[in-house]
Amino acid sequence: MTTHDAPPTTAPGATTVREPAAGPEQPFVRRLWRGRPEDPRWARPALLVLLAATLLLYLYGLGASGYANSFYSAAVQAGSTSWKAFFFGSLDAGNAITVDKPPAALWPMALSVRLFGLNSWAILAPEVLMGVATVAVVYAAVRRRFSPVAGLVAGTVLALTPVAALMFRFNNPDALLALLMSAACYLVVRALEDGRTKWLVWAGTAVGFAFLAKTLQAFLILPALAVVYAVCAPVPLRKRFAQLAAATLALVVSGGWWVAVVELWPASSRPYIGGSQHNSFLELTFGYNGLGRLNGEETGSVGGGGGARGGGMWGETGWDRMFDSEIGGQISWLLPTALILLAAGLVATRGARRTSVTRASFLVWGGSLLTTMVVFSYMAGIFHQYYTVALAPYLAAVTGMGAGLLWERRREGWAAVTLAASLVAAAAWGYVLLHRTPDYLPWLRWLVLVGGLVAALGLVFAGRLTRRLALATAAVGLVAALGGPAAYTFSTVRQGHTGSIVTAGPAGASMMGGRGGGPGGPGGGRTWEGMPGQGQQNQQGGPGGQGNGFPGGGFPGGTPGRNQQNGTPQNGTQPNGAQPNGNGFPGGGRTREGGMGGVGGLLNGASVPAEARKLLEQDAGDYTWVAASIGSQNAASYQLATGEAVMAIGGFNGTDPSPTLAQFEKYVEDGRIHYFIAGGGMGGGNGTASRISSWVQSTFTKVTVGSATFYDLTRKADD
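Taken in order, the sequence shown gives residues 5 to 723; the numbers are from the numbering used here.
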């Protein structure tokens, strides 16, 4: 095991297998199977088994999620039919408005759909491949400086993290972000090994493309990476700063080229930038997707969080947010263990020279973990549980590195005791998390606790045990530590996930509203999971049936149409939140046509009746948009059901000022839109969407098809 700072392939005491100096090159298949000559012969086959197992696990039942988040699936569908929509990330092939993110995460899925057609597997399989690639990157990073065993531990921890299993099977931008940020950390460590500029430039390029996946979230780890390189790189100080400048330039070019094109492109010939209030991607970047996420002041959003220790729509903030009832079961299973191992790794390398790559590895991955965790813990704006997938690669790498380092030094008393303490933390916290869902595998929490404590006791004496017995003890400890997250991961892959807010684990594992240990605990709210049309289950059973969101538009803390105490539908609403006549917005709230819709339709798509689909498909080729609807999720559902462009008035929330009433009237006058779909989004009050809705209702003929209500924009009401 190489925990020192010489190049890994020449480490003193390491088992090194060298290839013959002369002779024919080994066949590719043999090299693929054998791996690096200095590795044990079992190392590469074990890695391939890990990657294959991860692939099969993440592919299991993939189609059950249907179109997953219909918001992004609609943009993928549009990009698969229009290169302009592909480039801009438009929600529709008519290029009315973009999604509220840059488009890089959409591109792999759109290319897949172009090749294989529009279906769940074509959309989600690229996300699975990104997950497998992320496991490979984390393994490679840990294996280089430590050992194949440490790399396998890190890769396994990542693969079995519940939120990772969720998001590497889902079509939000987070999968690509996690892959690119992992690659950036790996490349920075490579640069720290020999001070070569190219590795740092490639790291900057990775961060730049990560920006094109999820804007400023990609920059969270930049301070840690830059400081570690500036202090620890094995080159003169002046060269270090020159290299960082080159990496910054690479970041700007790789992330800025698309921004420059969009900002310089005439606004009249490109789609409106969704999520902005003035048709500007820079405004979107630094406002709604930037500072607004930190302070909760996102113009056009559905509400912010609670400030430090405060409670809000997106949960409480504070130092323990990653451990609370909302987040804990998603990511925190091994977080206490990782923090202990990070501290141990830094203590163990405290006497190393400035350029110690071992210590720098802990600083790179550990700094990324801590920086991201702190920001997530205190951000008061929009925050979803699945954001924490960004922590998973860092957590896994730190766990693998720390466990590998302490295992190598297990004959030292402090190392054995610390390793045992990290296992006790994993077992105890696993017990707590499993106890939050007492009806879910009640025997497992005791197995995790007892198995972990017994193995921890054995690890205290690991330095005195025979190698075989020590390895058996470590194996028992690893199984105990991973028992809880593995169970949550298996529950996650066995269920379909649809909508905008999804969570990992069994029903009830993620409670909105506070730090309670379960239903009825302090601050414990209703579960996101298990609600009709939202969270775990695909209520309609596949593509085209996305459900209508929360019953009554229910949101954490309660909203119109929802009993805040027990979550039962109120005011005569149906389970999907619509009024019995079907004229209300999905999700409830004010149900008068054109009024303010609830968050059910905002956060999830709508069920599209077959009769409505046939209506929209008639003469579809004569129109740029077969229909228009307030809010992106509602529009996306109809677009995915018909395969035709549907305009999303007001973007995701229905609150973007696009199109204006004058623009919409011009589209109708030019015969570019056939129908207006009643309901959807929030767009109430005196906003653009409300004015368009009022004009349509007072001007055009209403057409009712089953439970859906349309207005025919080619027929005046008085005709």
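Note that the Cβ used here is the ideal one computed from N, Cα and C, for glycine as well.
Between residue 641 and residue 656, how many whole angstroms is the CB-CB distance? I'm expecting something under 8 Å.
About 13 Å; that fails the 8 Å criterion.
Report the residue from 107, 182, 382, 701 whose alpha carbon sits nearest the alpha carbon of residue 260.
Residue 107 is the option with its Cα nearest to residue 260.
Give every residue of the same chain whose Cβ lies closer than 6 Å to the Cβ of residue 693, excluding the five residues on either side of it in the sequence, and list them in chain order.
Cβ within range, chain order: 634, 653, 654, 658, 687.
Spell out the partners DSSP gives residue 418 in its beta bridges.
Residue 418 is not bridged to any residue.
What's the C-alpha gap between residue 6 and residue 360?
With a pLDDT of only 45 at residue 6, under 50, the local geometry of the prediction cannot be trusted, and no value is derived from it.
When you compare the CB positions of residue 172 and residue 113, do they come within less than 8 Å of one another, or not?
Not a contact, by the Cβ cut-off of 8 Å.
Using DSSP's beta-bridge definition, name the partner residues of residue 101.
Answer is 276, bridged to residue 101.
What residues match up with residue 94 in a beta bridge as DSSP calls it?
According to DSSP, residue 94 bridges with 102.
Cβ of residue 241 within 8 Å of Cβ of residue 214?
It is not a contact, given that the beta carbons lie outside the stated cut-off.
Suppose you measure from the CA of residue 33 to the CA of residue 163; what does that come to, to the nearest Å?
Approximately 25 Å between the Cα atoms of the pair.
Across the region 254–270 and the region 229–244, are there enough close Cβ pairs to call them in contact, namely three or more that are closer than 8 Å?
No, the region 254–270 does not touch the region 229–244.
Do the CB positions of residue 456 and residue 474 come within less than 8 Å of each other?
Going by C-beta atoms, residue 456 is not nearer than 8 Å to residue 474.
Just to confirm, is the Cβ distance from residue 485 to residue 338 under 8 Å?
A contact, by the Cβ cut-off of 8 Å.
So which of 624, 677, 39 has the shortest CA-CA distance to residue 718?
Here the closest residue by C-alpha is 677.
Looking at the structure shown, is residue 709 part of a helix, part of a strand, or coil, going by DSSP?
In the structure shown, residue 709 sits in a strand (DSSP, three-state: E or B).
May I ask you to verify whether the region 329–348 touches the region 194–214, counting CB pairs closer than 8 Å and requiring at least 3?
Counting Cβ pairs under 8 Å, fewer than three are found: no touch.
Excluding the five sequence neighbours on either side, which residues of its own chain have a C-beta within less than 7 Å of the C-beta of residue 48, listed in chain order?
Excluding positions up to five away in sequence, the list reads 37, 38, 39.
When we look at the beta-carbon of residue 498 and count the other beta-carbons within 10 Å, is it buried (16 or more) or exposed?
Classification of residue 498: exposed, given that the 10 Å Cβ count is below 16.
When you compare the CB positions of residue 104 and residue 398, do they come within less than 8 Å of one another, or not?
In this structure, residue 398 does not lie closer than 8 Å to residue 104 by Cβ.
Using DSSP with H/G/I as helix, E/B as strand and the rest coil, what is residue 718?
Residue state, collapsed to three classes: strand.
With a threshold of 7 Å (Cβ to nearest heavy atom), would residue 354 be considered close to the ligand FAD?
Of ligands this structure carries none, so the ligand FAD is not represented either.
Compute the Euclidean distance between the alpha carbons of residue 647 and residue 81, then round it to the nearest angstrom.
Rounded to the nearest angstrom, the two C-alpha atoms are 8 Å apart.
Is residue 335 helix, strand or coil when you go by DSSP?
Helix.
For the candidate residues 79, 427, 194, 410, whose alpha-carbon lies nearest to that of residue 481?
Here the closest residue by C-alpha is 427.
Are the beta-carbon atoms of residue 680 and residue 715 separated by less than 8 Å?
Contact: yes.
For residue 362, count neighbouring C-beta atoms within 10 Å of its own C-beta (all shown protein chains included) and say buried if the count is 16 or more, exposed if not.
Answer is buried; the Cβ neighbour count reaches 16.
Rounding to the nearest angstrom, what Cα-Cα distance links residue 433 and residue 210 in this structure?
So the two alpha carbons sit approximately 34 Å from each other.
At a cut of 8 Å, does the region 458–470 reach the region 412–429 through at least three beta carbon pairs?
Judged by Cβ distances under 8 Å, the region 458–470 makes contact with the region 412–429, as three or more pairs qualify.
Three-state secondary structure (DSSP) at residue 4?
Because the chain here runs from 5 to 723, residue 4 falls outside it and cannot be looked at.
Is the region 375–385 close to the region 134–146, with three or more CB pairs under 8 Å?
The region 375–385 vs the region 134–146: no contact.
Starting from residue 386, follow its DSSP beta bridges and name the residues at the other end.
Residue 386 pairs with nothing; no bridge assigned.
How would you call residue 413, buried or exposed, if buried means at least 16 neighbouring beta carbons within 10 angstroms?
Answer is buried; the Cβ neighbour count reaches 16.
Quick one: Cα of residue 320 to Cα of residue 384, how far?
Roughly 8 Å between the two C-alpha positions.
Could you check which residue in 92, 52, 250 has the C-alpha nearest to that of residue 269?
Closest by alpha carbon: 92.
Can you tell me whether DSSP reads residue 680 as helix, strand or coil?
Reduced to three states, the DSSP call for residue 680 is strand.
How close, in whole Å, do the beta carbons of residue 724 and residue 508 come, if the pair is a contact with beta carbons under 8 Å?
With the chain covering 5 to 723 only, the question about residue 724 has no answer from this structure.
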